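The sequence shown runs 239 to 450 under this note's numbering.
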Amino acid sequence: MPLIPEEPQIHESAQGPRATPASGRTAPTPRPVPGPRPAAPSRPGRPGPVRPTPPVQRTQRDVAAKPGPSAPAVPAAPASASAAPQIQLIPASAEGALDAAEEAVDLLLDSGRAPGEVLVITTGEQHPWAAHELSFGEAAYWAQHDAGDDVFYADAAALERAAVRPVVVVAVNGGSDAGAATALPLARLRAGTLLIVCGDPQRINAALGAGV
Numbered sequence: 239m240p241l242i243p244e245e246p247q248i249h250e251s252a253q254g255p256r257a258t259p260a261s262g263r264t265a266p267t268p269r270p271v272p273g274p275r276p277a278a279p280s281r282p283g284r285p286g287p288v289r290p291t292p293p294v295q296r297t298q299r300d301v302a303a304k305p306g307p308s309a310p311a312v313p314a315a316p317a318s319a320s321a322a323p324q325i326q327l328i329p330a331s332a333e334g335a336l337d338a339a340e341e342a343v344d345l346l347l348d349s350g351r352a353p354g355e356v357l358v359i360t361t362g363e364q365h366p367w368a369a370h371e372l373s374f375g376e377a378a379y380w381a382q383h384d385a386g387d388d389v390f391y392a393d394a395a396a397l398e399r400a401a402v403r404p405v406v407v408v409a410v411n412g413g414s415d416a417g418a419a420t421a422l423p424l425a426r427l428r429a430g431t432l433l434i435v436c437g438d439p440q441r442i443n444a445a446l447g448a449g450v
């Protein structure tokens, strides 16, 4: 009896569920990926607080373009000429003018003036110190003047050679009126801060001008 080949048998696969879903069941819908939440609308009637607008930062250019009100300009002090020295008059006769000048020098030194700040001028007879120092020669005499370490005594005729010192004391102890009229203005130019004149007030006023 001939053999009938057997029909191939189809076996169910054991690999996973079938692709076709069962009847009455739908495939699950894929969930959307959550994104950023939209801003919640403000409730009607109760708006949220309004943020103030940040101030605009001024740049350096804006500051330079709009300068603030400047302070009122202070007027500069006028350049004054060299201050004239204070003038002090000590009434004395021609014979007592040198003694009055010596007393004025002592008061100056007692008040704290340095000896090198004082120059004494005589219009008549020379001061004994000047006569003594000149006996050693003019070079040694003027060397002491240039050193500026002590009170210096000079004749009115040598005023042009004398340097400026803070205090000048003039003893109008003689000499002509013309000589005094020439010496006193020069002595005022040599005085830095103070000019002391010892002598006849009328003669001094005539030389320096009224109101001295």
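C-beta: ideal position from N, C-alpha, C; glycine also.
No experiment lies behind these values; they were computed from the predicted model shown.
Item	Value
Inter-residue Cα distance where the pair is TYR379 and GLU371	6 Å
SER349 versus TRP367 - alpha carbon distance	23 Å
Cα-Cα separation, ILE328 to LEU397	21 Å
Touching by the beta-carbon criterion (3+ pairs, under 8 Å), the region 428-444 and the region 376-393	no
Three-state class that DSSP yields for ALA419 in the structure shown	helix
As assigned by DSSP and simplified to three states, the class of VAL410	coil
Which residues DSSP lists as bridging PRO470, in chain order	This structure does not reach residue 470, given that the chain is present from 239 up to 450, and the question cannot be answered.
Cα-Cα separation, LEU427 to SER373	28 Å
Under 8 Å between C-beta atoms of VAL410 and ALA429	no
From HIS365, ARG351, ARG441, residue whose alpha carbon lies closest to that of GLY417	ARG441
VAL402 in three-state terms, based on DSSP	coil
Local conformation of ALA260 per DSSP, three classes	For ALA260, the pLDDT reaches just 46, beneath the cut-off of 50, and the residue's location in the model is therefore unreliable, although a value from the coordinates is still provided. Coil, per DSSP.
Nearest-angstrom beta carbon gap, GLN326 and THR431 [assumed within contact, 8 Å]	At roughly 11 Å, the Cβ-Cβ gap does not stay under 8 Å, so THR431 and GLN326 are not in contact.
Beta-carbon contacts of GLY354 that lie in its chain and below 7 Å, excluding the five residues immediately before and after	GLY386, ASP387, ASP388
Contiguous alpha helix (DSSP H) assignments of at least 4 residues, all confined to the region 320-384	335-348, 366-372
Enclosing beta strand (DSSP E) for ASP393 [first to last residue]	390-393
Whole-number beta carbon distance between ALA394 and HIS383, since they are thought to touch under 8 Å	HIS383 to ALA394, Cβ: 15 Å. No contact.
With 16 other Cβ atoms within 10 Å as the buried cut-off, status of GLY447	exposed
Presumed contact (8 Å Cβ cut-off) between VAL358 and HIS365, rounded CB distance	6 Å
Buried or exposed (CB count within 10 angstroms, at least 16 for buried), ALA321	exposed
Residues near VAL343 by beta carbon distance below 8 Å, same chain, minus five either side	VAL356, VAL358, VAL389, VAL407
For ALA377 and GLY334, the rounded distance between their alpha carbons	30 Å
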